[in-house]
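Notes follow once the structure below has been shown.
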Amino acid sequence: MSLRTKLIASFAGLAAIALLVIGVAVFTTFRWQAANAEMEMHFQRSLLLQSVRASTFQALKEVDDGLTGDHVDARADFEAALEPATRDFRAWAALADTQAERNEVARVRAAHVELVTSGRRVFDLVPVDRTAAIQLADDEVDTKDLARFRAITVAAVEADLAIREGIARETRGLRETAQVMLAIGAISVIALMLLIAAYLSSDLFRPLRQLSDVLARLADGDREARAEEGRNDEIGAVARGVNRVADMLGNGVREPAAASATALTPGLAHALRARLGQMRGQASEADWEAVDRMALALGAPISKRQAIDIATLFHDALADHRGEIDRRGIAVEQRLSSPLPRPSAPLDLTRRATDMMLGIALDRLPDRGGRLGLRAYVDPDSGATRIEAADDGGVAEIDLSPLDALAAALGGSARVFADARGQVVQLTLP
């Protein structure tokens, strides 16, 4: 598994736990609010039913007062006492939201209506037959209807109390469940954080420190330092890359002294050839051969000197770039002096230098159009051959260090200058 996959999996676990905790908190909050609303509703139902009972009992006291004859307004007070009972009963019935509660409302209503009807019958009998009214109050109102009404309303109050207790138990259970879930979430977060910390320490920071140590040893010259390559993730890929670099460094510096001597020899040979080029009038072919033999003895590469056909040199160089020249629509001009210069130099190095000069000129021209000139002539004062590549791409700074190295190997020199049309790169051969 890659390092990226492991990190994504770890942080995905953290995100999942965070979502779980948020979900539990949101669910608990909404359920707690709903439970509180339900608890408040049932508590209100209980209060309303108690108010109905109290108002009804107050009305029944007026029945007793009417039987004794001491209170002439007993019936009016009876009806007045029933008004708040009727109002509270309607409010209590409106809060019924289940079928069981609606059935309960029907039973209480029936008992209440029967009790009130019996009370009114008593008031109707009082003017006609007080003894019959008293008998009706004892047999129907007090013994039967009131007892039934009291039993049904007490059962309804106890039912609401049982519902409230159930809601309270559910709320406590919900709170305990939420606490357990939050505790599990907190423990999971801590465990996952510890796991991520251990993973980062063992699978990321420690391997990075090991790679840093390997790089430090390589920088100090220990070419045998290597990193462990057993991992298949990004750290393993970096370790394999470090080992490849270490192998390249080890192969390149196994014999530092021999490498230094090999690097010095071409420079010495180039310097001698350049000096002979400056002494063109006095250096003989034997001098050139002596320098070549010395370079050969020291192990420097030797390119055979021969007479260069400038026309063929220009033709071959242009042929190598013909496709680009035609595609870009570049106009080419060649100019050779008479007599035709025929310098003596290594052909391969001269071709490389000419190709490099032509490439510099092409790079300076626009994508479409432009003019390119190749010319060669013999300097009348020094007798040296000068090969030039000119362009009309304007004046800009050019890095001539690669061309300078080739010119030195040829025993000559290179420079750049501006003319009326643009810039000219010039190679001087002895």
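Numbered as in our numbering, the sequence shown ends at 432 without a single skipped number.
We put the beta carbon where it would ideally sit given N, CA and C, even for glycine.
Bear in mind the structure is a predicted one, so any value in this text is a computation, not a measurement.
Asked                                                                                                                        : Found
Own chain residues within Cβ distance below 7 Å of Arg208, not counting five before or after                                 : none
Between the CA atoms of Leu213 and Ala407 - distance to the nearest angstrom                                                 : 38 Å
Where the alpha helix (DSSP H) through Pro86 begins and ends                                                                 : 76-96
Environment of Ala411 [buried if 16+ CB atoms lie within 10 Å]                                                               : buried
Simplified DSSP state of Arg344, which is helix, strand or coil                                                              : coil
Ile169, buried or exposed, once every other Cβ within 10 Å from all chains shown has been counted against 16                 : buried
For Ile389, the first and last residue of its enclosing beta strand (DSSP E)                                                 : 387-393
Distance between Ala164 and Thr179 (C-alpha atoms, nearest Å)                                                                : 22 Å
Environment of Pro404 [buried if 16+ CB atoms lie within 10 Å]                                                               : exposed
Helix, strand or coil at Ser403 according to DSSP, with G and I counted as helix                                             : helix
For Phe45 and Arg166, believed in contact at Cβ under 8 Å, the rounded distance                                              : 6 Å
For Arg353 and Asp381, believed in contact at Cβ under 8 Å, the rounded distance                                             : At roughly 22 Å, the Cβ-Cβ gap does not stay under 8 Å, so Asp381 and Arg353 are not in contact.
Best match in Leu194, Glu231, Asp215, Glu230 for proximity to Asp224 [C-alpha to C-alpha]                                    : Asp215
Inter-residue Cα distance where the pair is Ile362 and Gly232                                                                : 47 Å
Contact between the segment 360-376 and the segment 321-338 (3+ Cβ pairs under 8 Å)                                          : yes
C-alpha gap between Val128 and Ala149, whole angstroms                                                                       : 22 Å
Endpoints, alpha helix (DSSP H) assigned at Gly375                                                                           : Taken as a continuous stretch (DSSP letters only), Gly375 belongs to no alpha helix (DSSP H), being part of the beta strand (DSSP E) at 373-380.
Pick from Arg423, Met43, Leu351 that is closest to Ala309, judged by C-alpha positions                                       : Leu351
Burial state of Thr145, where buried means 16 or more other Cβ atoms lie within 10 Å                                         : exposed
Selected residue, minimal CA-CA separation from Arg377, among Ile389, Leu320, Ser384                                         : Ile389
Extent of the continuous alpha helix (DSSP H) to which Leu412 belongs                                                        : It is not in any alpha helix (DSSP H) - Leu412 carries neither H nor E in the DSSP assignment.
The alpha helix (DSSP H) enclosing Ala108, as first and last residue numbers                                                 : 101-127
Inter-residue Cα distance where the pair is Leu349 and Arg307                                                                : 7 Å
Chain-order list of residues whose beta-carbon lies under 7 Å from that of Gly175 (same chain, five-residue window excluded) : none
Nearest-angstrom Cα separation, counted from Ala157 out to Glu172                                                            : 22 Å
Per-residue burial, Thr119 [other beta carbons within 10 Å of its own, 16 or more giving buried]                             : exposed
Assigned exposure category for Gln425 - 16 Cβ within 10 Å defines buried                                                     : buried
Where Glu226 sits in the DSSP three-state scheme                                                                             : coil
Residues sharing a beta bridge with Arg417, DSSP                                                                             : Gln428
Best match in Leu50, Arg211, Val124, Gly187 for proximity to Thr155 [C-alpha to C-alpha]                                     : Leu50
Contact belief for Pro345 with Thr387 at Cβ below 8 Å, rounded distance in angstroms                                         : 4 Å
Boundaries (first-last residue) of the alpha helix (DSSP H) holding Val159                                                   : 148-202
Residue span of the alpha helix (DSSP H) that contains Ala321, given as start and end                                        : 312-322
Segment contact, 8 Å Cβ cut-off, at least three pairs: the segment 77-97 with the segment 188-196                            : no
Arg307 (DSSP reduced to helix, strand or coil)                                                                               : strand
Delimiting residues of the alpha helix (DSSP H) encompassing Val334                                                          : From DSSP, Val334 is part of no alpha helix (DSSP H) but of the beta strand (DSSP E) over 333-338.
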